[in-house]
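Step one of this worksheet: look at the structure below.
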Amino acid sequence: MNEATIKLRPISIAVLALGGEGGGVLADWIANLAEKNGYLAQATSVPGVAQRTGATIYYVELFPVAAAKAAGREPVLALMPVPGDVDIVVASELMEAARAVERGFVTPDRTTLIASTHRVFAMSERTALADGRADSAALLESCRSAARRLVAFDMAAMAEAPGSVISAVLFGALAGSGALPFPRPAFEATIRRAGVGVASSLAAFGAAYEAVQSPPETGIADKSESEKRFGPAIDSLLASVAGDTAPDTRAIVRAGVERLIDYQDERYARLYLARLLPIAQLDRAPNQRLLGETARQLALAMSYEDTIRVADLKTRRSRFERVRDEVRIADGQILEIVEFMHPRTEEIADTLPAGVGRWLLRTNWARRFVDRFTRKGRTVRTTSVGGFTLLYFVAALKSLRPRSLRYVTEQDAIENWLAAVRQYAADYELGVGVARLRGLVKGYGDTHAHGRDKFEAIAARLPQIQQQPDAAGQLDALLLAANADESGDALRAAIAKLS
C-alpha cells in the first residue's frame, strides 16, 4: 500500500434542506452519480425538528473504488458529518447555511459552501412581536468568511422559471462549482436515470450550472410588480423629494410611495410625501436615519390593515396563482381555498362612514344586534362564486375608504405621532426613537388594540423620558419591554421602574 493511498480520504458532503425541498432526492442523485462513475457511496440522514426549527441533514461520503481495491480493503465511511471535517456543504436556504457555519461544518481551509440566498423564516422570526428577522446580509457575510469558497444566489427563484424544484438547482450549482470530480454530462445522466420531471429538472440544472460558471454582473434588481404598474407615477412623485436625500432613505421613500399607490391611490401617496417634507427639513444628518425611520413607519401606518385591505389581498389574481404554485396543483385538479374570517363589530363599524360607525358603536341596541352575527367566525370559500363575490364587493369599497371611521381615526393618530417626532427631534436619537415607536401599532383586531395601548402608554411618558440623562436609551428600553410579550406585563414593569 503506497503513502498516497493511505492518505486518501473520502469526499464528505452534507446537505441541509427543509421538508419538501427535495433534500433526499439530491442526496440520492449524488450517491447515484458517484456509483455510476467509479466511486463507493454511503448516504444517511438525520431528521430535523418540526415547525421549522431545524432542517434534515443528509450526509454522503464518496470513496474511489480503485483506491479501495488498491488498499485491499473497503473504506470505513462515517454516518454523520463531523465539525471541521466536511468538504462540501449544500444548504437550501440562507439560515440553514448559517446553521451549518454555527455547527462547525464549514471551515475556511476545506469547505465549499453552496447555498440559496432566499429566506424561509424560522418560527422565532415569525412569532416575534417586533421585526424578528435575522439580518440576511450578516448571515451571508458569516458564510463567506467561514468557507473556503462560497457559491450563493437565489436558487428558489431560479427553480420557479422552469417549474422545477430547488434540488435540481442545487445539483446544478454543485456541478458548476467543480467540487466533485465528475463532468457535467455525468450529472445530467443522473437526472435522466431518475426519470421524474426530467425536462424541468435539466432546465433548472443547466441554469444553475451556467450561473456558477459565468456569474452575472451585479446590476439593478428587477422591479416589483406594483412598481411596473405604477412606475411613471412613482417617478413623478419622487421628484418632490429633495435631490440630496441619502440613497438608502430614498429607497425607503420610494417603497412607501409604491405601497400607498397600491393601497389607495396616487393622491394618498402625495399626502405621504407632504407629511415627510417637514421631517426632511429637520434631518440634516448624513445618513438621515430620522427621515428614513419616519418614512418607513409612516408608510406602514398609512397602509393600515382594515377589512377592505384584507378582502383586496385575498381576491387578487396573484394570490390564487401563488397558492396554486405552492400546492403544486396539476392540470385537471380542482383547487378550493377556504378563508376563516372573524370580523368584530368594531371592524364593521370602522368600515362604515365615520358618522354611521360612531353611531353603531355608541348605540347599545344596534351594537347588540350586530354582535349576534359576529360572535363566531365564518368560513368563506374564495374559489366559489358567492365567496369571491362577497370579498370582491368589500374590496371595491376602497374608493369610499377616506370617509370611513377607521380612516378618520388613523389619520388623527398619525398626525399626533408626527407632531411628537418633530417635537422631540431636537434630541436626534430621541427623535429616531419616537419615529420607531409607531411600529408598536400593527395588525388588526386584538393585535392592533394591544399595540395601540402600548404605544399610548409610552407616548404619554415622553415628557418624563425627555428629562432623563439618557432619554434615547430610556425610550429604547421601553420599546424593548413593549415587544417582550403581548400582554404588556414587561412594559408595565419597565414603566413602574421609570417612575
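Start counting the sequence shown at 992; every next residue gets the next number (this note's numbering). Positions of the beta carbon are idealized from the N, C-alpha and C atoms, including for glycine. Owing to the predicted nature of the structure, the values given are computational and were not obtained by experimental measurement.
The continuous alpha helix (DSSP H) containing Y1398 extends over residues 1396 to 1415. In this chain, the beta strand (DSSP E) harbouring V1142 covers 1140 to 1144. When DSSP reads this structure, M1332 sits in a beta bridge with R1369. If one requires a minimum length of 4 residues, the alpha helix (DSSP H) runs lying completely within the stretch 1281 to 1329 are 1298 to 1305, 1308 to 1318, in chain order. A distance below 6 Å between beta-carbons, with the five flanking residues on each side excluded, links F1054 to the following residues of its chain, in chain order: P1001, L1031, P1066.
Around the beta carbon of M1086, a 10 Å sphere encloses 16 or more other beta carbons of the protein chains shown; the residue is thus reported as buried. Here the alpha carbon of I1243 sits roughly 20 Å from the alpha carbon of A1129. Around the beta carbon of K1060, a 10 Å sphere encloses fewer than 16 other beta carbons of the protein chains shown; the residue is thus reported as exposed. Straight across, the Cα-Cα distance linking A1340 with Q1324 is about 40 Å.
Per DSSP, T1380 is one residue of the alpha helix (DSSP H) stretching across 1376 to 1386. Judged by DSSP secondary structure, Q1455 falls within the alpha helix (DSSP H) whose first and last residues are 1453 to 1457. Cβ-Cβ distances below 6 Å link I1079 to I1004, T1103, A1170 in the same chain, with the five nearest sequence neighbours on each side left out; the list follows chain order. Distance from A1143 to T1098 at the Cβ level is roughly 17 Å; contact not present, criterion being Cβ atoms closer than 8 Å. Considering only R1287, G1167, R1175, the residue with the shortest C-alpha distance to R1140 is G1167. Listed in chain order, the alpha helix (DSSP H) runs fully inside the stretch 1005 to 1082 are 1014 to 1026, 1056 to 1062, counting runs of at least 4 residues. Comparing C-alpha distances from V1056 to each of Y1050, Y1049, R1064 shows the shortest one belongs to R1064. D1303 and K1433 do not touch by the CB rule: their CB atoms are close to 18 Å apart, not below 8 Å.
Going by C-alpha positions, M1146 is about 7 Å away from L1161. Scanning its chain for C-beta atoms nearer than 6 Å, with the 5 sequence neighbours on each side dropped, one finds around W1408 the residues R1429, in chain order.
Straight through space, the alpha carbons of A1195 and E1420 are spaced by roughly 48 Å. With three or more CB-CB distances shorter than 8 Å, the stretch 1287 to 1305 counts as touching the stretch 1396 to 1407. When secondary structure is reduced to three states using DSSP, P1238 falls in the helix class. By the Cβ test, the stretch 1377 to 1384 is not in contact with the stretch 1357 to 1369, since fewer than three Cβ pairs between them sit closer than 8 Å. Counting C-beta atoms within 10 angstroms of its own C-beta, T1373 has 16 or more neighbours from the protein chains shown and is therefore classed as buried. In the structure shown, the three-state DSSP call for S1133 is helix. Taking 8 Å as the cut-off, the Cβ atoms of A1106 and M1149 do not count as close. DSSP links I1157 through a beta bridge to no other residue.
Per the Cβ contact rule, the stretch 1361 to 1371 is in contact with the stretch 1325 to 1335 (3 or more Cβ pairs under 8 Å). Counting along the chain, T1438 sits inside the alpha helix (DSSP H) bounded by residues 1437 to 1450. Within 10 angstroms of the beta-carbon of G1283 lie 16 or more other beta-carbons, which makes it buried. Of the residues assessed, L1251 falls on the buried side of the cut-off, its CB having 16 or more other CB atoms within 10 angstroms.
The residues V1423, in chain order, have a CB closer than 7 Å to that of R1280 in the same chain once the five nearest residues on each side in sequence are set aside.
In the same chain as R1335, and ignoring 5 residues on each side of it, the C-beta atoms closer than 7 Å to its own belong to T1365, G1436, in chain order. A Cβ-Cβ distance of about 27 Å is found for the pair V1412 and I1299, leaving them out of contact under the 8 Å criterion. The beta carbon of E1401 is closer than 6 Å to those of Y1295 in its chain, skipping five residues each way along the sequence. Close CB contacts of A1462 within its chain, under the 7 Å cut and outside five residues either way in sequence, are with D1418, L1421, I1456 (chain order).
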